[in-house]
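Residue numbers (the numbering used here): 4 to 212. Right, one structure below, let's go through it.
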């Protein structure tokens, strides 16, 4: 497999986007849509930049508000059902391990929210500096697992395809909004391109942006 980029240095935002969109295009391109429906249907999954969450959590027995913004997220649904399938955190060379904590916190908040409305809560995450890739998975039973990759973009591409296929599956099975259950008020989303962040009224001593 050939790539139009190298791994000699950290992948920039644009190159990460190329990698993600190429995988989405490949997987989505395998879904056959009748010509007459092509312009009527919403894309099954979407790549969104810089979507943040504000989640109320307990930290050492005290209420805290966790505010995190992910560089990239892949969605199979919408905010009404916390329809995030994949969370991607990228950072400077050698600092990917630091982003792992942010990635896990974001994933955990989404997982808990989806469990609360009885939706499939399996979610994937990636922490990378462009050369080193940490893959995370929280399954529907709240068990987590990790995988590590160093430099091998073929394997990275394969892992991304597995993740995107899962997102496509969730999109095809989506009943979200057909559910009468609503997300708990303890989690909210904010998109810098759509609206301003929600007001914070609880000590926000755990903030990652």
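Heads up, the beta-carbon is just placed ideally off N, CA and C, and yes, glycines get one too. The structure presented is a predicted model; accordingly, all values stated were derived computationally and were not measured.
### Query
What residue does the beta strand (DSSP E) around residue 98 start on, and which one ends it?
No beta strand (DSSP E) holds residue 98; DSSP gives it neither H nor E.
### Query
Between which two residues does the alpha helix (DSSP H) containing residue 163 stretch?
156-175
### Message
Suppose you measure from the CA of residue 56 to the CA of residue 161; what does that come to, to the nearest Å?
### Response
28 Å
### Task
Write down every uninterrupted run of the beta strand (DSSP E) in the stretch 123-148 whose length is 3 residues or greater and which is fully enclosed by it, in chain order.
126-131, 135-141
### Query
Around the C-beta of residue 176, are 16 or more other C-beta atoms found within 10 angstroms, so that it is buried, or is it exposed?
exposed
### Task
Return the CA-CA distance between residue 114 and residue 92, expressed in angstroms with no decimal places.
17 Å
### Message
Check whether the stretch 93-109 and the stretch 77-84 touch, using three or more Cβ-Cβ pairs below 8 Å as the test.
### Response
no
### Query
Buried or exposed: which applies to residue 168, given that a residue is buried once 16 or more other Cβ atoms fall within 10 Å of its Cβ?
exposed
### Query
Ends of the beta strand (DSSP E) at residue 223?
Absent from the model: residue 223. The displayed extent of the chain is 4 to 212, so no value can be given.
### residue 150 (DSSP reduced to helix, strand or coil)
strand
### Residue nearest to residue 187 in terms of C-alpha spacing, selected from 130, 118, 123
118
### Message
Counting C-beta neighbours from all protein chains within 10 Å, is the total for residue 174 16 or more, i.e. buried, or is it exposed?
### Response
buried
### beta strand (DSSP E) segment containing residue 74, residue limits
65-78
### Query
In chain order, what residues of the same chain have a beta carbon less than 7 Å from the beta carbon of residue 135, not counting five sequence neighbours either side?
99, 153
### Message
Run through the DSSP bridge pairs and tell me what residue 191 is partnered with.
### Response
57
### Message
Measuring straight from C-alpha to C-alpha, what distance separates residue 191 and residue 116?
### Response
Between the alpha carbons of residue 191 and residue 116 lies a gap of roughly 10 Å.
### Task
Would you please state the rounded distance, in angstroms, between the beta carbons of residue 90 and residue 128? I believe it to be under 8 Å.
4 Å
### Message
Using 8 Å as the threshold, is the C-beta distance between residue 58 and residue 145 below it?
### Response
no
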